[in-house]
Amino acid sequence: MTAYKRFWTRMNEDERGSKILIGAIRVNPRLTNLLTVVFSAILVMLAACGPSQLEQRVVIVVATPTADPAPVVVALPTDTPTPSPTPKPPIRQLTAGGCCAQPFWSPDSKQVRFIDKPSPDVPVGVYAVNVGEPPGEPFLALDLIGLYSNDLRLIAYPEGRDTIVEQLDNGERWVIPNQGQAVVFSPEGRRVAWEIEDIDGPFDQRRTDIYLSRYTGEDPVRVTTVYGGGLHGWLDEGRILFSGRPSLDVRERTLTVLVLTTNVAVDLVTAERIAGVAASPDGEWVAYFISFNEDPGRSGIWVQRTDGPEAHRLDFWGAYQWRDGTRLLYTPVRESPDEPFVIWEYDTASGRSRSVTDPVTAPIQIANGDWRVSPDGRYVVYVNSTDRNLWLVELAP
Numbered sequence: 538m539t540a541y542k543r544f545w546t547r548m549n550e551d552e553r554g555s556k557i558l559i560g561a562i563r564v565n566p567r568l569t570n571l572l573t574v575v576f577s578a579i580l581v582m583l584a585a586c587g588p589s590q591l592e593q594r595v596v597i598v599v600a601t602p603t604a605d606p607a608p609v610v611v612a613l614p615t616d617t618p619t620p621s622p623t624p625k626p627p628i629r630q631l632t633a634g635g636c637c638a639q640p641f642w643s644p645d646s647k648q649v650r651f652i653d654k655p656s657p658d659v660p661v662g663v664y665a666v667n668v669g670e671p672p673g674e675p676f677l678a679l680d681l682i683g684l685y686s687n688d689l690r691l692i693a694y695p696e697g698r699d700t701i702v703e704q705l706d707n708g709e710r711w712v713i714p715n716q717g718q719a720v721v722f723s724p725e726g727r728r729v730a731w732e733i734e735d736i737d738g739p740f741d742q743r744r745t746d747i748y749l750s751r752y753t754g755e756d757p758v759r760v761t762t763v764y765g766g767g768l769h770g771w772l773d774e775g776r777i778l779f780s781g782r783p784s785l786d787v788r789e790r791t792l793t794v795l796v797l798t799t800n801v802a803v804d805l806v807t808a809e810r811i812a813g814v815a816a817s818p819d820g821e822w823v824a825y826f827i828s829f830n831e832d833p834g835r836s837g838i839w840v841q842r843t844d845g846p847e848a849h850r851l852d853f854w855g856a857y858q859w860r861d862g863t864r865l866l867y868t869p870v871r872e873s874p875d876e877p878f879v880i881w882e883y884d885t886a887s888g889r890s891r892s893v894t895d896p897v898t899a900p901i902q903i904a905n906g907d908w909r910v911s912p913d914g915r916y917v918v919y920v921n922s923t924d925r926n927l928w929l930v931e932l933a934p
């Protein structure tokens with residue numbers, strides 16, 4: 538669009554009468570010819586009025602085109618820019634006073650929970666701190682200590698020589714016929730599993746019987762027996778995961794998935810030393826490590842689908858746990874204890890790894906491998922080895 542500027546000024550009257558100065562400053566040379574024609578016509582009309590009339594009113598036309606006009610910059614009002622908010626650090630302290638060990642998460646990932654007795658005049662219980670801003674002081678979240686179902690509807694706890702399952706909304710209770718052993722609730726809380734292990738002899742020779750029943754203790758059944766092993770947990774409502782030697786005549790252990798609806802066992806891997814078994818939240822993957830194998834190429838951390846396809850050996854060594862159904866978090870072994878931990882993520886879909894914390898902005902120091910990822914995969918809570926308090930770090934998405 539053509540830019541231009543006109544101004545009009547009136548000169549003072551003198552003895553010859555009023556004189557009007559009409560000035561035009563133009564910055565578009567393409568209109569110069571048009572102005573020349575117009576102003577010429579005005580001069581002709583004035584001349585036709587006669588000399589006397591011309592003396593009374595003189596029009597002076599000033600037109601100054603430029604061959605290369607400079608643009609006229611007009612300053613427009615603008616809003617004052619709003620400064621960007623200071624990004625919050627990805628790491629922050631949740632508790633003080635050296636509190637607490639072995640934290641765990643609420644199912645909705647909004648609270649970090651831990652067992653504590655903050656002072657002599659308060660009860661022992663499950664205390665919690667909110668992970669929102671600000672986190673606030675710890676508060677009593679659950680007054681019963683025990684093993685909870687995923688939906689927090691049921692709790693199992695020992696009472697004398699018995700194991701009790703209680704429904705929290707109405708207080709109804711059932712005795713589990715398992716000699717007071719701990720139970721593991723199925724993902725939907727409809728059944729429980731437990732193991733009864735011999736207490737004598739070397740560990741790798743002890744017999745372990747694995748049982749299932751309804752959460753009410755009804756219909757108990759022994760599903761398998763292993764030696765030097767035991768139950769690792771539920772994969773879903775219809776499958777459990779266990780490992781061990783099938784008999785004392787066999788030297789190596791086997792990691793096995795048992796399909797409860799068909800009683801079909803799927804053997805995943807066999808080795809003399811299998812440990813660190815961890816199933817993904819959806820039960821589709823499992824991670825484990827093999828150590829001191831006769832074939833050095835088999836020693837290391839592995840991931841494998843629970844339906845039995847070929848396993849994948851990973852190229853790191855360190856602690857690990859699942860972020861979600863396909864991504865495994867791990868903390869590689871450090872070269873020096875002065876270095877902060879860095880949390881990495883291995884993606885089973887792509888086979889690639891990436892760091893999800895920055896040691897500069899999040900210098901993590903974890904005590905005794907005590908860290909837990911939130912159910913939504915957004916955070917990790919850990920016990921800080923420097924002050925023994927609980928700290929929170931937000932992971933890269």
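In the numbering used here, the protein residues as written are 538 to 934.
Beta carbons are placed, not taken as given, at the ideal position from N, Cα and C, and that holds for glycine.
{"Asked": "Only counting the same chain, and skipping five residues up and downstream in sequence, which positions put a Cβ closer than 7 Å to that of S922?", "Found": "Q902, I903 and A904"}
{"Asked": "Quick check: G662 and L677, are their CB atoms within less than 8 Å of each other?", "Found": "yes"}
{"Asked": "From which residue to which residue does the beta strand (DSSP E) around Y916 run?", "Found": "Y916 to N921"}
{"Asked": "So, under 8 Å CB-CB, T863 and W822 are touching, yes? Tell me the CB distance rounded to an integer number of Å.", "Found": "7 Å"}
{"Asked": "Mind checking whether V666 and K647 have CB atoms under 8 Å apart?", "Found": "no"}
{"Asked": "Which residues mark the beginning and the end of the beta strand (DSSP E) in which A678 is found?", "Found": "F676 to L679"}
{"Asked": "Please confirm whether A824 and L772 have their CB atoms less than 8 Å apart.", "Found": "no"}
{"Asked": "Specify the secondary structure class of G770 as computed by DSSP and reduced to three states.", "Found": "strand"}
{"Asked": "Rounded C-beta distance between W854 and P869? I'm assuming under 8 Å.", "Found": "7 Å"}
{"Asked": "Applying the 10 Å Cβ sphere with the 16-neighbour rule, what's the burial state of H769?", "Found": "buried"}
{"Asked": "For the beta strand (DSSP E) containing E703, name the first residue and the last one.", "Found": "D699 to Q704"}
{"Asked": "At which residue ranges does the segment 844-929 contain complete beta strand (DSSP E) runs of 3 or more residues, listed in the order of the chain?", "Found": "855-859, 864-869, 881-884, 889-892, 903-910 and 916-921"}
{"Asked": "Compare the beta carbon distance of V758 and V729 with 8 Å and say whether it is the shorter of the two.", "Found": "no"}
{"Asked": "Since P695 is in the beta strand (DSSP E), which residue starts that stretch and which ends it?", "Found": "L691 to E696"}
{"Asked": "Could you have a look at F641 and say whether DSSP puts it in helix, strand or coil?", "Found": "strand"}
{"Asked": "Where DSSP assigns a beta bridge to N667, which residues make up the other side?", "Found": "Q648"}
{"Asked": "Specify whether the segment 827-844 and the segment 779-789 touch according to this definition: at least 3 beta carbon pairs, one from each stretch, less than 8 Å apart.", "Found": "no"}
{"Asked": "State the Cα-Cα distance for the pair P640 and L631, rounded to the nearest angstrom.", "Found": "11 Å"}
{"Asked": "Run through DSSP, which three-state label would F826 get?", "Found": "strand"}
{"Asked": "Got a sec? Which residues, its chain only, sit under 7 Å from R743 by beta carbon, not counting five neighbours each side?", "Found": "E734, D735, Y764 and G765"}
{"Asked": "Have a look at T843 and G820 and give me their C-alpha separation to the nearest angstrom.", "Found": "7 Å"}
{"Asked": "Hey, how far is the Cα of G754 from the Cα of N715?", "Found": "9 Å"}
{"Asked": "Pick from Y857, Q858, W839 and R629: whose alpha carbon is nearest that of E851?", "Found": "The question names Glu, but residue 851 in the sequence shown is Leu. The candidate whose alpha carbon is nearest that of L851 is W839."}
{"Asked": "Identify the continuous beta strand (DSSP E) that holds A802 and give its terminal residues.", "Found": "V801 to A808"}
{"Asked": "For my contact list, D522 and A638 are in at a C-beta cut-off of 8 Å; report their separation, rounded to the angstrom.", "Found": "Here the chain has residues from 538 to 934 only, and residue 522 is not among them."}
{"Asked": "Alpha carbon to alpha carbon, how far is R782 from V794?", "Found": "14 Å"}
{"Asked": "Have a look at D699 and G767 and give me their C-alpha separation to the nearest angstrom.", "Found": "21 Å"}
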